[in-house]
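**Student:** Under this note's numbering, the first residue of the sequence shown carries the number 3, and numbering increases by one thereafter. Here a beta-carbon is modelled for each residue, glycine too, at the ideal position from N, C-alpha and C. This structure is a prediction, so every number in the text was calculated from the model and none was measured. If you scroll down you'll find the structure; I have some questions about it.
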Amino acid sequence: MPTVITHAIVPISIGLGLGRKAVPIRLMAAGAIFAMLPDADVIAFKFGIAYSDALGHRGASHSLLFAAAAPLLMLPFKRFFGVSAVKLWAFLFVALLSHSLLDACTTGGLGVAWLLPFSDERFFAPFQMIRVAPFGISAYLTDRGVAVILSELLWVWLPMFCIGAILRAARYAKLKT
Ligand SMILES: [Zn+2]
């Protein structure tokens, strides 16, 4: 995984880029939580579930089916989020999907089980440039931890900042015409 906060940056950048009207603050916050949610599966290690297991890390919670299904649970609360059901689902789906995509771009661990429960094959993206994050906070105080943070800044934070800025610029350009 990239660092869990880095996952949250994706929906936050898209939300800030599209603006409050399209993505109200509550929706953006839910997106940030959903983007981090799949890594709750690291708890599996505590129960002795192997990394490669369907319920292991980067398993079921990182699958496409989970990304499509989990946002459905939030649809009854669409009024709270102030958007239509379709927008609510789409934003949370993108947040979850971005998580597994970033994981698939990391340099280590096992790949992402996108096709569970139909196949337990683990996938990586064709390009793996994000240094895989260590488990545990103390590891960040080492050289390896610093390298991970720099790699995430370069490959996730910087591109997401640019995407957010482009969306914002496009919005203002549209307002002026
Ligand atoms: Zn993950």
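Would you kindly report the start and end of the unbroken alpha helix (DSSP H) that includes residue 7?
**Tutor:** 6–20
**Student:** Can you check whether the CB of residue 28 is closer than 8 Å to the CB of residue 82?
**Tutor:** yes
**Student:** Let me make sure I understand the geometry here. Which of 126, 120, 25 has the alpha-carbon closest to that of residue 94?
**Tutor:** A check of alpha carbon separations from residue 94 across 126, 120, 25 identifies 25 as the nearest.
**Student:** Spell out a yes or no on whether the region 68–79 and the region 45–54 are touching, meaning 3 or more CB-CB pairs, one atom from each, closer than 8 Å.
**Tutor:** no
**Student:** Taking the straight line between their C-alpha atoms, what separation do you get for residue 142 and residue 11?
**Tutor:** 19 Å
**Student:** For residue 159, collect the residues of the same chain with a Cβ closer than 8 Å to its Cβ; drop the 5 residues on either side in sequence, then sort them by chain order.
**Tutor:** 8, 11
**Student:** Rounded to the nearest angstrom, how far is the Cβ of residue 73 from that of residue 91, given a contact under 8 Å?
**Tutor:** 5 Å
**Student:** Closest by CA to residue 109, which one among 146, 89, 178?
**Tutor:** 146
**Student:** List the whole-angstrom C-beta distance separating residue 165 from residue 19, where the pair is believed to meet the contact cut-off of C-beta under 8 Å.
**Tutor:** The C-beta distance from residue 165 to residue 19 rounds to 6 Å, short enough to fall under 8 Å.
**Student:** Based on DSSP bridge pairs, tell me the residues matched to residue 35.
**Tutor:** Paired residues: none, contrary to the question.
**Student:** Please find out if some non-hydrogen atom of ligand 1 comes closer than 7 Å to the beta-carbon of residue 60.
**Tutor:** yes
**Student:** Is the Cβ-Cβ distance between residue 122 and residue 114 less than 8 Å?
**Tutor:** no
**Student:** Which whole-angstrom value is the C-beta distance of residue 60 and residue 133, which I expect to be below 8 Å?
**Tutor:** Not confirmed; about 16 Å, so no contact.
**Student:** Give the single residue among 34, 149, 17 whose Cα lies nearest to the Cα of residue 173.
**Tutor:** 17
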